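A.B. asks:
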Amino acid sequence: MTRNLRYEVFYPHPVEKVWRVLTDSEAMASWLMPNDFAPRVGHRFQFRTKPAPGFDGIVNCEVLELDAPRRVAYSWRGGGIDTVVSFTITPKDGGTALVLEHRGFRGARPLFVSLILGAGWKKIIRINIPNVIAKGINE
Amino acid sequence: MPTLSADAHVYAAIADTTRRGILDLLAERPRSVNELVAAFDVTQPAISRHLGVLRSVGLVQVRTEGRQRIYEFDPEPLSEVVDWLSAYDRFWRKRLRALGEYLERT
């Protein structure tokens, strides 16, 4: 089972402006995290932030899709997850509708796939998974 | 980036490949040290050390059965660790708000 996050947001700004903010390294540093992104499919880059327990503060990414000014997607690997983040924008009511998807969560780490099969996991499923399902989208 | 409130020691405990392997086996069913030693290419003292680490963070419980000590998996300390999805949920909500604020001021 993979689980995804999906958000739809409206910004009262033209698509071109939103696109610039989504794909300009300096702008991304301001609203997302410091990075060395470049708008080129195949470009490998990193987001860097403060380390936390279980996470060295580095997200390794590669630009997977770039369709200006409509959609950008990159891989998102760090802290034990291997996922994909995509931003899709469309003009709407004089502004911009943005859909953000973060796809491919498989539990927390590969470890948990096997743990889920274990009887001991029942407790976590009971406590935690309903909470996760309420927030995520199942596939 | 999301930060999780789980004890850092729990992360350290599960960062080790052998310890993850031990947890996988114990998640199937409780086992003795001898069974675990047989499953891995390491010495009994090494397995005992790993079990000590796992016990210290509460991922493994031990009980005595006759002359044997039986080790059991306890998933409770992982309940925070597993919750990456809700950590990222909080992260993206904040970042999308920051994006909107950035658009407003530029």
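As they're listed, the protein sequences go chains A and B. Sequential numbering of the first sequence, starting at 1, is according to my numbering. Sequential numbering of the second sequence, starting at 1001, is according to my numbering. The beta carbon of each residue, even a glycine, is placed where N, CA and C say it ideally should be. Predicted model only: the values in this text are computed from it and were never measured.
B:P1045 to B:L1036, Cα distance in whole Å?
C.D. replies: C-alpha separation (whole angstroms): 11 Å.
A.B. asks: Looking at chain A, is there any beta carbon in it that lies within less than 7 Å of the beta carbon of B:D1016?
C.D. replies: Not closer than 7 Å to any Cβ of chain A, the Cβ of B:D1016 fails to qualify, so no.
A.B. asks: Quick check: A:N4 and A:R71, are their CB atoms within less than 7 Å of each other?
C.D. replies: Against a cut-off of 7 Å, the Cβ pair of A:R71 and A:N4 comes out as no contact.
A.B. asks: So, is the C-beta of B:L1099 closer than 7 Å to a C-beta in chain A?
C.D. replies: With 7 Å as the cut-off, B:L1099 counts as an interface residue toward chain A.
A.B. asks: Report the CB separation of B:A1013 from B:L1051 in whole angstroms; it is logged as a contact under 8 Å.
C.D. replies: Incorrect: roughly 11 Å between the Cβ atoms, too far for contact.
A.B. asks: Measure how close the beta-carbons of B:V1062 and B:I1070 come, nearest whole angstrom, since I'm counting them as under 8 Å.
C.D. replies: That belief holds up - the Cβ atoms of B:V1062 and B:I1070 are roughly 7 Å apart, short of 8 Å.
A.B. asks: To which residues of the same chain is A:L141 closer than 8 Å at the C-beta, ignoring the five residues directly before and after it?
C.D. replies: Because chain A in this structure spans residues 1 to 139, residue 141 of chain A falls outside the shown range and cannot be described.
A.B. asks: Nearest CA to the CA of B:A1027: which residue from B:L1078, B:V1010, B:D1074?
C.D. replies: Cα-wise, what sits closest to B:A1027 is B:D1074.
A.B. asks: How big is the Cα-Cα spacing for B:V1010 and A:P51?
C.D. replies: The alpha-carbon atoms of B:V1010 and A:P51 are separated by roughly 16 Å.
A.B. asks: I'd like to know whether the C-beta of A:I9 is nearer than 7 Å to at least one C-beta of chain B.
C.D. replies: Ile is not the amino acid found at residue 9 of chain A; the sequence shown has Val there. Interface residue, yes.
A.B. asks: Of all the alpha helix (DSSP H) runs that stay within the bounds of the region 5-56 of chain A, which reach a length of 4 or more residues?
C.D. replies: Entirely contained in the region 5-56 of chain A, the alpha helix (DSSP H) runs reaching 4 residues are, in chain order, 15-23, 25-31.
A.B. asks: Since A:V18 and B:L1103 should fall inside the 8 Å C-beta cutoff, what is the C-beta to C-beta distance between them, to a whole number of angstroms?
C.D. replies: So it is a contact: roughly 7 Å between Cβ atoms.
A.B. asks: Is it true that the CB of A:V85 sits closer than 7 Å to the CB of A:V63?
C.D. replies: No. Outside cutoff.
A.B. asks: In terms of residue numbering, what span does the beta strand (DSSP E) encompassing A:P91 cover?
C.D. replies: Counting along the chain, the beta strand (DSSP E) containing A:P91 begins and ends at 81-92.
A.B. asks: So is A:W150 in contact with chain B if we call contact Cβ pairs under 7 Å?
C.D. replies: Shown here, chain A extends from 1 to 139; a query on residue 150 of chain A therefore has no answer.
A.B. asks: Which residues, in order along the region 1051-1073 of chain B, keep a beta-carbon less than 7 Å from a beta-carbon of chain A?
C.D. replies: Going along the region 1051-1073 of chain B in chain order, one finds F1073 with a Cβ nearer than 7 Å to chain A.
A.B. asks: At 7 Å on the CB atoms, spell out the chain B contacts of A:V21, in chain order.
C.D. replies: Chain B residues near A:V21: L1099, Y1102, L1103.
A.B. asks: Starting from B:R1029, trace the alpha helix (DSSP H) both ways and give me its first and last residue.
C.D. replies: Premise fails: B:R1029 is in no alpha helix (DSSP H) and is neither H nor E.
A.B. asks: Using the beta-carbon count (16 or more within 10 Å), is B:P1030 buried or exposed?
C.D. replies: Its Cβ being crowded by 16 or more others within 10 Å, B:P1030 is buried.
A.B. asks: Taking the alpha helix (DSSP H) that B:G1052 falls in, what are its first and last residues?
C.D. replies: That run of the alpha helix (DSSP H) goes 1044-1056.
A.B. asks: Would you decide whether A:A73 is buried or exposed? Buried here means 16 or more other CB atoms lie within 10 Å of its CB.
C.D. replies: So A:A73 counts as buried.
A.B. asks: Starting from the beta carbon of B:L1096, find every residue of chain A whose beta carbon is closer than 7 Å, and list them in chain order.
C.D. replies: Under the 7 Å cutoff, chain A gives Y7, V9, L100.
A.B. asks: Grouping DSSP H, G and I as helix and E and B as strand, with all else coil, what is B:T1106?
C.D. replies: Note: B:T1106 maps to coil in three-state DSSP.
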